[in-house]
Amino acid sequence: MTNVLTAVVTSSEQVAAGTPGAQRQKKKRRLSGWHFVLFPIAVLFLLPFVQMVLASFSPAKELVAFPPPFIPSHLTVDGFTKLFSRTDILVWLGNTVVVSLTAIVSNLVLCSLAGYGFARLKFAGRNFGFLMILATIMIPTQLLMIPTYILFARLGLLNGLGAAIVPWLATAFGIFLMRQFFLSLPAELEEAGAIDGCNRWQIFFRIVLPLARPAMATLAIFTLLGAWNDLVWPLIAINNQQAFTLQLGIANFQGTHLTDWSLIMAGNVVATLPLIVFFLFAQRHFIATMTFSGLKG
-19 MTNVLTAVVT
-9 SSEQVAAGTP
1 GAQRQKKKRR
11 LSGWHFVLFP
21 IAVLFLLPFV
31 QMVLASFSPA
41 KELVAFPPPF
51 IPSHLTVDGF
61 TKLFSRTDIL
71 VWLGNTVVVS
81 LTAIVSNLVL
91 CSLAGYGFAR
101 LKFAGRNFGF
111 LMILATIMIP
121 TQLLMIPTYI
131 LFARLGLLNG
141 LGAAIVPWLA
151 TAFGIFLMRQ
161 FFLSLPAELE
171 EAGAIDGCNR
181 WQIFFRIVLP
191 LARPAMATLA
201 IFTLLGAWND
211 LVWPLIAINN
221 QQAFTLQLGI
231 ANFQGTHLTD
241 WSLIMAGNVV
251 ATLPLIVFFL
261 FAQRHFIATM
271 TFSGLKG
(Lines of atoms letter the chains of each structure in order from A and count residues from 1; the text may use other names and numbers.)
(Lines give C-alpha, C1' and ligand atoms only; values in the text may rest on other atoms or scores of the structure.)
Protein backbone atom coordinates (compact mmCIF):
# COMPACT_ATOMS: atom_id res chain seq x y z
CA MET A 1 0.00 0.00 0.00
CA THR A 2 2.88 2.34 0.80
CA ASN A 3 4.32 1.91 -2.69
CA VAL A 4 0.98 2.71 -4.30
CA LEU A 5 0.51 5.88 -2.22
CA THR A 6 4.06 6.97 -2.98
CA ALA A 7 3.40 6.54 -6.68
CA VAL A 8 0.16 8.48 -6.35
CA VAL A 9 1.84 11.39 -4.57
CA THR A 10 4.57 11.49 -7.20
CA SER A 11 2.08 11.32 -10.07
CA SER A 12 -0.11 13.96 -8.43
CA GLU A 13 2.80 16.35 -8.18
CA GLN A 14 3.62 15.76 -11.83
CA VAL A 15 0.03 16.37 -12.91
CA ALA A 16 -0.31 19.52 -10.82
CA ALA A 17 2.90 20.83 -12.26
CA GLY A 18 1.88 20.05 -15.81
CA THR A 19 3.66 16.63 -16.00
CA PRO A 20 6.93 16.56 -17.98
CA GLY A 21 6.38 20.07 -19.22
CA ALA A 22 7.00 21.40 -15.72
CA GLN A 23 10.65 20.38 -15.96
CA ARG A 24 11.03 22.16 -19.27
CA GLN A 25 9.39 25.27 -17.80
CA LYS A 26 12.30 25.62 -15.42
CA LYS A 27 14.55 26.24 -18.36
CA LYS A 28 14.74 29.69 -19.85
CA ARG A 29 12.14 30.09 -22.55
CA ARG A 30 13.23 31.46 -25.88
CA LEU A 31 11.27 34.09 -27.78
CA SER A 32 8.91 32.48 -30.27
CA GLY A 33 7.05 33.84 -33.26
CA TRP A 34 3.82 33.03 -31.45
CA HIS A 35 4.61 35.74 -28.91
CA PHE A 36 4.25 38.37 -31.63
CA VAL A 37 0.81 36.96 -32.46
CA LEU A 38 -0.48 36.38 -28.93
CA PHE A 39 0.73 39.64 -27.40
CA PRO A 40 -1.51 41.91 -29.56
CA ILE A 41 -4.45 39.57 -28.90
CA ALA A 42 -3.80 39.75 -25.15
CA VAL A 43 -3.68 43.55 -25.32
CA LEU A 44 -6.93 43.56 -27.30
CA PHE A 45 -8.69 41.51 -24.61
CA LEU A 46 -7.16 43.63 -21.84
CA LEU A 47 -8.34 46.98 -23.23
CA PRO A 48 -12.02 46.68 -22.13
CA PHE A 49 -10.95 45.95 -18.56
CA VAL A 50 -8.51 48.87 -18.54
CA GLN A 51 -11.23 51.14 -19.94
CA MET A 52 -13.66 49.95 -17.25
CA VAL A 53 -11.15 50.70 -14.48
CA LEU A 54 -10.37 54.15 -15.91
CA ALA A 55 -14.08 54.88 -16.31
CA SER A 56 -14.71 54.00 -12.66
CA PHE A 57 -12.30 56.80 -11.68
CA SER A 58 -13.61 59.28 -14.28
CA PRO A 59 -15.84 62.29 -13.52
CA ALA A 60 -19.54 61.64 -14.17
CA LYS A 61 -19.81 64.34 -16.86
CA GLU A 62 -17.06 62.69 -18.94
CA LEU A 63 -18.84 59.33 -18.86
CA VAL A 64 -21.92 60.75 -20.60
CA ALA A 65 -19.86 62.61 -23.22
CA PHE A 66 -19.78 61.24 -26.76
CA PRO A 67 -17.38 59.76 -27.44
CA PRO A 68 -16.25 59.28 -23.81
CA PRO A 69 -12.52 59.94 -23.31
CA PHE A 70 -10.40 56.85 -22.80
CA ILE A 71 -8.15 58.61 -20.28
CA PRO A 72 -10.01 60.86 -17.82
CA SER A 73 -8.97 64.48 -17.35
CA HIS A 74 -8.58 63.80 -13.63
CA LEU A 75 -9.17 60.89 -11.29
CA THR A 76 -12.01 60.82 -8.77
CA VAL A 77 -13.41 58.22 -6.39
CA ASP A 78 -16.95 59.60 -6.40
CA GLY A 79 -18.25 56.40 -8.02
CA PHE A 80 -16.78 54.19 -5.29
CA THR A 81 -17.92 56.61 -2.57
CA LYS A 82 -21.52 56.41 -3.79
CA LEU A 83 -21.22 52.66 -4.26
CA PHE A 84 -20.26 51.94 -0.66
CA SER A 85 -22.36 54.68 0.99
CA ARG A 86 -25.66 54.57 -0.93
CA THR A 87 -25.99 50.90 -1.84
CA ASP A 88 -25.86 47.50 -0.11
CA ILE A 89 -22.87 46.43 -2.17
CA LEU A 90 -21.20 44.68 0.77
CA VAL A 91 -24.36 42.65 1.45
CA TRP A 92 -24.61 41.70 -2.21
CA LEU A 93 -20.93 40.81 -2.28
CA GLY A 94 -21.35 38.61 0.79
CA ASN A 95 -24.37 36.89 -0.77
CA THR A 96 -22.42 36.23 -3.97
CA VAL A 97 -19.48 34.81 -2.03
CA VAL A 98 -21.81 32.45 -0.13
CA VAL A 99 -23.52 31.31 -3.34
CA SER A 100 -20.21 30.83 -5.19
CA LEU A 101 -18.40 29.00 -2.38
CA THR A 102 -21.37 26.69 -1.82
CA ALA A 103 -21.56 26.00 -5.55
CA ILE A 104 -17.82 25.25 -5.77
CA VAL A 105 -17.78 22.86 -2.81
CA SER A 106 -20.97 21.12 -3.93
CA ASN A 107 -19.76 20.70 -7.51
CA LEU A 108 -16.38 19.37 -6.43
CA VAL A 109 -18.02 16.75 -4.22
CA LEU A 110 -21.05 15.71 -6.26
CA CYS A 111 -19.53 16.00 -9.75
CA SER A 112 -16.40 14.10 -8.68
CA LEU A 113 -18.46 11.25 -7.26
CA ALA A 114 -20.78 11.14 -10.27
CA GLY A 115 -17.92 11.46 -12.76
CA TYR A 116 -15.99 8.64 -11.12
CA GLY A 117 -19.09 6.45 -11.07
CA PHE A 118 -19.70 6.94 -14.78
CA ALA A 119 -16.00 6.45 -15.59
CA ARG A 120 -15.15 3.37 -13.53
CA LEU A 121 -18.24 1.65 -12.12
CA LYS A 122 -20.17 -0.78 -14.27
CA PHE A 123 -23.93 -0.76 -13.76
CA ALA A 124 -27.03 -1.12 -15.89
CA GLY A 125 -27.89 1.99 -17.88
CA ARG A 126 -24.55 3.71 -17.26
CA ASN A 127 -24.05 4.97 -20.80
CA PHE A 128 -27.71 5.89 -21.23
CA GLY A 129 -27.75 7.79 -17.94
CA PHE A 130 -24.61 9.70 -18.87
CA LEU A 131 -26.06 10.60 -22.27
CA MET A 132 -29.25 11.89 -20.61
CA ILE A 133 -27.20 14.07 -18.26
CA LEU A 134 -25.11 15.30 -21.17
CA ALA A 135 -28.25 16.05 -23.20
CA THR A 136 -29.39 18.57 -20.58
CA ILE A 137 -26.55 20.85 -21.72
CA MET A 138 -28.27 21.16 -25.09
CA ILE A 139 -31.56 22.40 -23.60
CA PRO A 140 -31.81 26.23 -23.78
CA THR A 141 -32.01 27.80 -20.34
CA GLN A 142 -35.02 29.88 -21.36
CA LEU A 143 -37.13 26.72 -21.78
CA LEU A 144 -36.52 25.75 -18.16
CA MET A 145 -37.29 29.09 -16.53
CA ILE A 146 -41.06 28.67 -16.07
CA PRO A 147 -41.06 25.05 -14.79
CA THR A 148 -38.08 25.82 -12.53
CA TYR A 149 -39.84 28.89 -11.14
CA ILE A 150 -43.00 26.87 -10.40
CA LEU A 151 -40.93 24.16 -8.71
CA PHE A 152 -39.05 26.66 -6.55
CA ALA A 153 -42.30 28.42 -5.65
CA ARG A 154 -43.83 25.17 -4.42
CA LEU A 155 -40.69 24.40 -2.42
CA GLY A 156 -40.69 27.90 -0.89
CA LEU A 157 -37.20 28.75 -2.14
CA LEU A 158 -37.99 32.03 -3.89
CA ASN A 159 -36.71 35.44 -2.69
CA GLY A 160 -33.83 33.92 -0.76
CA LEU A 161 -30.27 32.73 -1.27
CA GLY A 162 -31.60 29.21 -1.69
CA ALA A 163 -33.02 30.23 -5.05
CA ALA A 164 -29.53 31.18 -6.25
CA ILE A 165 -27.70 28.24 -4.62
CA VAL A 166 -29.77 25.18 -5.54
CA PRO A 167 -29.36 25.39 -9.36
CA TRP A 168 -25.57 25.36 -8.90
CA LEU A 169 -25.29 22.37 -6.56
CA ALA A 170 -24.25 20.15 -9.49
CA THR A 171 -23.86 20.69 -13.21
CA ALA A 172 -23.89 18.39 -16.23
CA PHE A 173 -20.69 19.99 -17.50
CA GLY A 174 -18.97 19.28 -14.18
CA ILE A 175 -19.91 15.60 -14.35
CA PHE A 176 -18.71 15.44 -17.96
CA LEU A 177 -15.39 17.14 -17.15
CA MET A 178 -14.61 14.89 -14.19
CA ARG A 179 -15.62 11.73 -16.06
CA GLN A 180 -13.34 12.58 -18.96
CA PHE A 181 -10.45 13.21 -16.60
CA PHE A 182 -10.97 9.98 -14.68
CA LEU A 183 -11.07 8.03 -17.95
CA SER A 184 -7.64 9.43 -18.82
CA LEU A 185 -6.05 8.13 -15.60
CA PRO A 186 -4.32 4.73 -15.81
CA ALA A 187 -6.49 2.01 -14.31
CA GLU A 188 -3.36 0.15 -13.14
CA LEU A 189 -3.03 2.47 -10.14
CA GLU A 190 -6.51 1.56 -8.95
CA GLU A 191 -5.88 -2.11 -9.57
CA ALA A 192 -2.68 -1.92 -7.53
CA GLY A 193 -4.60 -0.27 -4.72
CA ALA A 194 -7.23 -3.02 -4.83
CA ILE A 195 -4.51 -5.67 -4.66
CA ASP A 196 -3.11 -3.96 -1.56
CA GLY A 197 -6.51 -4.22 0.13
CA CYS A 198 -8.15 -0.87 -0.62
CA ASN A 199 -11.90 -0.79 -1.05
CA ARG A 200 -13.60 1.39 -3.65
CA TRP A 201 -13.91 4.42 -1.31
CA GLN A 202 -10.25 4.23 -0.29
CA ILE A 203 -9.20 3.99 -3.93
CA PHE A 204 -11.29 7.05 -4.75
CA PHE A 205 -10.19 9.26 -1.87
CA ARG A 206 -6.55 8.15 -1.48
CA ILE A 207 -5.52 7.39 -5.06
CA VAL A 208 -7.87 8.99 -7.59
CA LEU A 209 -8.69 12.35 -5.98
CA PRO A 210 -5.05 13.41 -5.43
CA LEU A 211 -4.49 12.92 -9.16
CA ALA A 212 -7.63 14.89 -10.00
CA ARG A 213 -6.54 18.18 -8.44
CA PRO A 214 -5.98 19.93 -11.81
CA ALA A 215 -9.41 18.85 -13.07
CA MET A 216 -11.03 19.93 -9.80
CA ALA A 217 -9.31 23.31 -10.04
CA THR A 218 -10.67 23.70 -13.56
CA LEU A 219 -14.15 22.74 -12.40
CA ALA A 220 -13.87 25.26 -9.56
CA ILE A 221 -12.98 28.02 -12.05
CA PHE A 222 -15.91 27.28 -14.35
CA THR A 223 -18.31 26.96 -11.40
CA LEU A 224 -17.12 30.23 -9.90
CA LEU A 225 -17.52 32.05 -13.22
CA GLY A 226 -21.03 30.68 -13.70
CA ALA A 227 -22.31 31.24 -10.16
CA TRP A 228 -20.61 34.63 -9.73
CA ASN A 229 -21.90 36.07 -13.02
CA ASP A 230 -25.36 34.49 -12.95
CA LEU A 231 -27.98 37.17 -13.59
CA VAL A 232 -31.01 35.84 -15.48
CA TRP A 233 -32.23 33.32 -12.91
CA PRO A 234 -31.69 35.55 -9.80
CA LEU A 235 -33.45 38.35 -11.69
CA ILE A 236 -36.52 36.10 -11.96
CA ALA A 237 -36.39 34.33 -8.60
CA ILE A 238 -35.21 37.03 -6.16
CA ASN A 239 -37.12 40.23 -5.36
CA ASN A 240 -35.76 40.77 -1.84
CA GLN A 241 -33.00 43.38 -2.00
CA GLN A 242 -31.21 41.87 1.01
CA ALA A 243 -30.90 38.60 -0.92
CA PHE A 244 -29.60 40.21 -4.12
CA THR A 245 -26.43 38.83 -5.65
CA LEU A 246 -23.74 41.18 -6.91
CA GLN A 247 -24.74 41.04 -10.57
CA LEU A 248 -28.41 41.51 -9.75
CA GLY A 249 -27.67 44.53 -7.58
CA ILE A 250 -25.48 46.15 -10.25
CA ALA A 251 -28.16 45.53 -12.89
CA ASN A 252 -30.56 47.64 -10.84
CA PHE A 253 -28.24 50.65 -11.15
CA GLN A 254 -29.41 51.07 -14.74
CA GLY A 255 -32.82 52.69 -14.91
CA THR A 256 -35.25 53.43 -17.70
CA HIS A 257 -34.69 57.20 -17.73
CA LEU A 258 -31.45 57.69 -15.79
CA THR A 259 -28.27 55.64 -15.48
CA ASP A 260 -25.39 56.44 -13.13
CA TRP A 261 -22.46 55.16 -15.17
CA SER A 262 -19.85 55.96 -12.52
CA LEU A 263 -21.78 53.76 -10.09
CA ILE A 264 -22.05 50.94 -12.63
CA MET A 265 -18.37 51.05 -13.52
CA ALA A 266 -17.30 51.06 -9.87
CA GLY A 267 -19.60 48.12 -9.20
CA ASN A 268 -18.19 46.20 -12.16
CA VAL A 269 -14.65 46.73 -10.89
CA VAL A 270 -15.63 45.36 -7.47
CA ALA A 271 -17.36 42.39 -9.15
CA THR A 272 -14.43 41.59 -11.48
CA LEU A 273 -11.40 41.82 -9.22
CA PRO A 274 -12.16 38.68 -7.12
CA LEU A 275 -12.46 36.60 -10.29
CA ILE A 276 -9.09 37.83 -11.56
CA VAL A 277 -7.40 37.07 -8.24
CA PHE A 278 -8.93 33.58 -8.12
CA PHE A 279 -7.87 32.77 -11.68
CA LEU A 280 -4.29 33.92 -11.03
CA PHE A 281 -4.05 31.36 -8.23
CA ALA A 282 -5.74 28.55 -10.20
CA GLN A 283 -4.46 29.11 -13.75
CA ARG A 284 -1.58 26.62 -13.41
CA HIS A 285 -3.99 23.80 -12.59
CA PHE A 286 -6.38 24.96 -15.30
CA ILE A 287 -3.68 24.79 -18.00
CA ALA A 288 -2.40 21.47 -16.65
CA THR A 289 -5.85 19.93 -17.03
CA MET A 290 -6.27 21.06 -20.63
CA THR A 291 -2.81 19.87 -21.65
CA PHE A 292 -2.70 16.66 -19.63
CA SER A 293 -5.94 15.04 -20.79
CA GLY A 294 -8.90 16.58 -19.03
CA LEU A 295 -11.05 16.98 -22.12
CA LYS A 296 -9.95 13.86 -23.98
CA GLY A 297 -12.75 11.57 -25.13
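With this note's numbering applied, the sequence shown closes on residue 277, and no number is skipped along the way.
No residue lacks a Cβ here, since even glycine has one placed at the ideal position from N, Cα and C.
Every unbroken stretch of the alpha helix (DSSP H) spanning 4 or more residues and falling wholly within the stretch 122 to 148 is given here in chain order: 141 to 145.
Taking a cut-off of 8 Å on C-beta distances, the stretch 211 to 229 touches the stretch 137 to 145, as three or more cross pairs fall below it. For the set R66, E42, P52 and L55, the Cα lying nearest the Cα of F233 is the one of R66.
Shown here, T239 sits in a strand according to DSSP, grouped into three states.
Here Q234 is bridged, per DSSP, to T239. Taking every protein chain shown into account, the CB of R159 has 16 or more other CB atoms within 10 angstroms, so this residue is buried. The continuous alpha helix (DSSP H) containing H15 extends over residues G13 to S36. Taking 9 Å as the cut-off, the Cβ atoms of I218 and L138 count as close.
Residues F50 of the same chain have their beta carbon placed closer than 8 Å to that of Q31, with the five preceding and five following residues left out of the count. In the DSSP assignment, D210 falls outside any alpha helix (DSSP H) and carries neither an H nor an E.
The three-state reading of DSSP puts R264 in helix, counting H, G and I together. F60 places its beta carbon 9 Å or farther from that of A207. Secondary structure at S86: helix, using DSSP grouped into helix, strand and coil. Where A40 is concerned, the enclosing alpha helix (DSSP H) starts and stops at A40 to L43.
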